[in-house]
Amino acid sequence: MSTGTRNRERDAARPLPAPLAPRARLLPSLAAVYRAQLSRARVARIPLLFVATFQSVGIMILMRGVVDGGDEARAVVAGSAVLVVAFVALNLLAQYFGQLRASGGLDHYATLPVPPAAVVLGAAAAYASFTAPGTVVTAVTGSVLFGLPLTHLWVLVAVIPISGAALAGLGAALGLLAPRQELATLLGQLGMSAALLLGVLPAARLPEPIVYARDLLPSTYGVEALAGTFDASPDWAAVGFDLGVCAAVGVVSLTVATWAYRRAAVR
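If you want it as structure tokens, here you go:
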């Protein structure tokens, strides 16, 4: 038997390599990451909710002494409610991704067979989920405190996830792009401070250059949408427009966060 024949017989007897597993799809991967992040952050849920809600309710109590009602009261209540979202989705998510990058935790996620978008969206959705109870409590408390109607607070069903997506994407991007963990924490704090000053304070009392800066903040459109529903006859077209702008900003911010995750994971 020739050498070539023996080689062919040996190759034929050799077992074929196992096929690669199919590429993980986005939605199942997103659900898995969301559940994992939700379980991880469950321990800190009560302190987070208490701090975020107590902060916003305290701000409304302070503003009650200088604001009686009207458009200014609507702005204070809406801004304080969305501030709960900003505290968790922007500030804490920036710190989380900054810590994850500094500790090498991104290497773990990079080895998982999940799309990068699933990691970012799953973490953002988990953190934003914690804001729902505090936002509802803040909006109801503020409405009672300032004598505003509770009729249309159902719009929070849209305001919370849309504002949460926009702010969570921004927070994740800040945490992933910051070269140092301390800088990520600082940027998250600055972002939350901007949401506080530009969202809670009535726009009519702000200097004109600051009003332009307010229009660049993603949470502004969630605040405007919620504030518009406190009218006796809300302009639903304007509310829908503000929510649409906020949703568009959310898509952009989450896209940037996904790109930042890919950039940080390969370094």
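Mapped onto our numbering, the consecutive letters of the sequence shown carry residue numbers 1363 to 1629.
Built from N, CA and C at the ideal position, the CB exists for glycine as well.
#1: Look at the alpha carbon of G1537 and the alpha carbon of A1456, and state the distance between them as a whole number of angstroms.
#2: Take H1470 and list the residues in its own chain whose beta-carbon comes closer than 7 Å to its own, dropping the five residues that flank it on each side.
#3: Could you compute how far the alpha carbon of W1621 sits from the alpha carbon of A1527?
#4: Would you decide whether S1391 is buried or exposed? Buried here means 16 or more other CB atoms lie within 10 Å of its CB.
#5: Nearest CA to the CA of P1580: which residue from A1398, T1415 and A1610?
#6: Quick check on the DSSP output: the alpha helix (DSSP H) that includes T1503 runs from which residue to which?
#7: Apart from the five residues just before and just after G1550, which ones in its own chain have a Cβ nearer than 8 Å to its Cβ?
#8: Decide if A1479 is buried, meaning its Cβ has at least 16 other Cβ atoms within 10 Å, or exposed.
#9: One question on the structure: do L1560 and R1576 come within less than 8 Å of each other, judged by their Cβ atoms?
#10: Report buried or exposed for G1612, applying the criterion of at least 16 other Cβ atoms within 10 angstroms of its Cβ.
#11: Apply the 10 Å Cβ neighbour rule to L1424 and answer buried if 16 or more other Cβ atoms are within range, or exposed otherwise.
#12: Let me know the alpha helix (DSSP H) ranges lying completely inside the stretch 1542-1589, each 4 residues or longer, listed in chain order.
#13: Can you give the beta carbon distance from A1501 to V1439, rounded, assuming they're within the 8 Å contact cut?
#14: Whose C-beta lies closer than 8 Å to the C-beta of V1444 among residues of the same chain, with five residues either side of it excluded?
Taking the definition as stated:
#1: 4 Å
#2: Here the set comprises nothing.
#3: When rounded, the distance between both Cα atoms is 16 Å.
#4: buried
#5: A1610
#6: First-last of the alpha helix (DSSP H) with T1503: T1493 to F1508.
#7: L1452, N1453, L1454, L1455, A1456, Q1457, G1460, G1533, L1536 and G1537
#8: buried
#9: yes
#10: buried
#11: Exposed: under 16 other Cβ atoms inside 10 Å.
#12: 1543-1562 and 1570-1577
#13: That belief holds up - the Cβ atoms of A1501 and V1439 are roughly 7 Å apart, short of 8 Å.
#14: Cβ within range, chain order: T1497, V1521, S1525, A1557, G1561, S1581, G1584, V1585 and L1588.
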